[in-house]
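Reviewing the structure listed below.
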Amino acid sequence: METKLLFNNSRGDQLVGILNKKSSKDIVILCHGFTSDKNSAKNIEITKRLNDVSTFRFDFYAHGESDGALENITVSEGIDDILSAINYLKKLKYKNIGLLGSSYGGLCSIMAAAKAVKTDDIQYLILVAPVSDWEDAKRKSQGEQYLIDWQNKGYAYYQKADGNKIKLGLSLYKDFKNNIAYIIADKIKIPVLLAHGTEDRSVPFQQSSKLFKLLQCDKQFVKITGGDHRFSDPNDLEQLIKVIIDFINNQVHGIVDK
Numbered sequence: 003m004e005t006k007l008l009f010n011n012s013r014g015d016q017l018v019g020i021l022n023k024k025s026s027k028d029i030v031i032l033c034h035g036f037t038s039d040k041n042s043a044k045n046i047e048i049t050k051r052l053n054d055v056s057t058f059r060f061d062f063y064a065h066g067e068s069d070g071a072l073e074n075i076t077v078s079e080g081i082d083d084i085l086s087a088i089n090y091l092k093k094l095k096y097k098n099i100g101l102l103g104s105s106y107g108g109l110c111s112i113m114a115a116a117k118a119v120k121t122d123d124i125q126y127l128i129l130v131a132p133v134s135d136w137e138d139a140k141r142k143s144q145g146e147q148y149l150i151d152w153q154n155k156g157y158a159y160y161q162k163a164d165g166n167k168i169k170l171g172l173s174l175y176k177d178f179k180n181n182i183a184y185i186i187a188d189k190i191k192i193p194v195l196l197a198h199g200t201e202d203r204s205v206p207f208q209q210s211s212k213l214f215k216l217l218q219c220d221k222q223f224v225k226i227t228g229g230d231h232r233f234s235d236p237n238d239l240e241q242l243i244k245v246i247i248d249f250i251n252n253q254v255h256g257i258v259d260k
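Using the working numbering, the first residue of the sequence shown is number 3, and each one after it goes up by one.
Next up, the structure:
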């Protein structure tokens with residue numbers, strides 16, 4: 003059964019989520035990528051395949067049905083959105099909470115997990131092509147001049163998958179310098195699944211290789227050979243989803259589907 007739920011982040015922005023409720027109080031929060039939304043194909047497929055684990059997929063600030071303008075988005079905003087979602091689910095009596103983040107959502111997820119380490123609110127973490135270092139990713143995909151112009155002009159344009167361009171403010175540029183996954187990797191003590199395509203042109207595969215080495219926890223690194231950032235090849239997507247489902251089932255039930 004699916005229910006649309008409205009909740010607020012700490013700044014009072016209204017966020018929109020979909021709760022897919024199963025019989026148990028085990029739940030996974032699904033965090034989408036930049037300019038995507040809660041109803042991405044990957045999120046929907048994961049929700050379908052989890053037999054008795056609930057999912058909560060929500061739109062980040064300035065995405066989908068949630069409040070906000072993309073020009074004002076920051077990584078810190080995304081982190082706050084996730085922590086607000088966790089608190090909301092705790093009020094609904096969910097206890098065994100997993101966190102899955104893709105790309106931008108992956109960076110926000112690992113940063114949120116580091117902040118939540120003292121409260122033990124998150125039991126496991128799944129990172130799909132996470133942006134461990136946004137500045138480095140942009141430098142490699144757009145060039146150094148892109149970053150220089152962004153800083154000097156106070157804005158930059160980002161081209162979405164559909165070809166449309168959106169304006170990004172200077173606040174994002176300043177903020178991602180303070181949110182680098184490598185720096186907090188050793189704070190993560192929960193089990194982590196990290197997956198990345200080797201042919202990712204948006205977020206270098208090498209970022210996840212470096213992040214994995216820095217993680218000091220029960221960890222698993224899945225290399226999707228030939229996979230791009232969106233896992234657009236159906237075979238790559240299928241491999242990714244199966245690994246994710248197996249990992250979740252193992253964390254919740256101690257079983258893996260063979």
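Backbone N, C-alpha and C define an ideal beta-carbon position, used for all residues, glycine too.
Subject >> Sequence-distant residues of the same chain with beta carbon closer than 6 Å to Leu216, five excluded per side >> reply: Tyr184 and Ala187
**OP:** Can you give me the Cβ contacts of Phe214 inside the same chain, cut-off strictly under 7 Å, excluding the 5 residues immediately before and after it?
**Re:** Leu196, Lys221 and Phe223
Subject >> As assigned by DSSP and simplified to three states, the class of Glu201 >> reply: coil
Subject >> Local conformation of Cys110 per DSSP, three classes >> reply: helix
Original post:
Where does Asp177 sit, in a helix, a strand or coil, going by DSSP?
Top reply: helix
Original post:
DSSP three-state call for Thr227: helix, strand or coil?
Top reply: coil
Original post:
What separation, rounded to the nearest whole angstrom, lies between the Cα atoms of Arg203 and Tyr90?
Top reply: 35 Å
Original post:
For Gly108, which option in Trp152, Ile88 and Gly35 has the closest C-alpha, if you only look at C-alpha atoms?
Top reply: Gly35
Subject >> Own chain partners of His65 with C-beta closer than 6 Å, once the 5 adjacent residues on each side are dropped >> reply: Asp39
Original post:
Excluding the five sequence neighbours on either side, which residues of its own chain have a C-beta within less than 7 Å of the C-beta of Lys191, listed in chain order?
Top reply: Val119 and Cys219
Subject >> Per-residue burial, Gly145 [other beta carbons within 10 Å of its own, 16 or more giving buried] >> reply: exposed
**OP:** Go through its chain and collect everything with a Cβ distance to Pro132's Cβ below 6 Å, but skip five positions before and after it.
**Re:** Gly108 and Leu109
**OP:** Could you name the residues of the same chain whose beta carbon sits closer than 6 Å to that of Met113, not counting the 5 residues immediately before and after it, in chain order?
**Re:** Ile81 and Asn181
**OP:** Could you give the DSSP three-state label for Glu4: helix, strand or coil?
**Re:** strand
Original post:
What residues are listed by DSSP as bridge partners for Leu72?
Top reply: Answer is none; Leu72 lacks a bridge partner.
**OP:** Mind checking who Ser143 pairs with in its DSSP beta bridge?
**Re:** Paired residues: none, contrary to the question.
Original post:
Can you name, in chain order, every residue of its own chain whose Cβ lies under 8 Å from the Cβ of Asn41, other than the five neighbours on each side?
Top reply: Ile20, Arg59 and Gly66
**OP:** Flag this pair as touching only if the segment 99-106 and the segment 25-33 have three or more C-beta atom pairs under 8 Å; answer yes or no.
**Re:** yes
**OP:** Hey, could you find the ends of the alpha helix (DSSP H) Val77 is sitting in?
**Re:** Val77 to Lys93
**OP:** State buried or exposed for Ile124, treating a residue as buried only when at least 16 other CB atoms are found within 10 Å of its CB.
**Re:** buried
Subject >> Per-residue DSSP class, three states only, for Thr49 >> reply: helix
Original post:
Using the beta-carbon count (16 or more within 10 Å), is Ile150 buried or exposed?
Top reply: exposed
Original post:
Exposed or buried, Ala115, counting other C-beta atoms within 10 Å across all chains shown (16 or more means buried)?
Top reply: buried
**OP:** Please say whether Glu73 and Tyr63 have beta carbons closer to each other than 8 Å?
**Re:** no
**OP:** Measure the alpha-carbon distance for Arg141 versus Pro206 and round it to whole angstroms.
**Re:** 11 Å
Subject >> Spatial distance of Phe9 from Ser234 (CA atoms) >> reply: 32 Å
**OP:** Check Lys191 in the structure and name its three-state DSSP category.
**Re:** coil
Original post:
Between Lys225 and Gly70, what straight-line distance do the alpha-carbon atoms span, to the nearest angstrom?
Top reply: 35 Å
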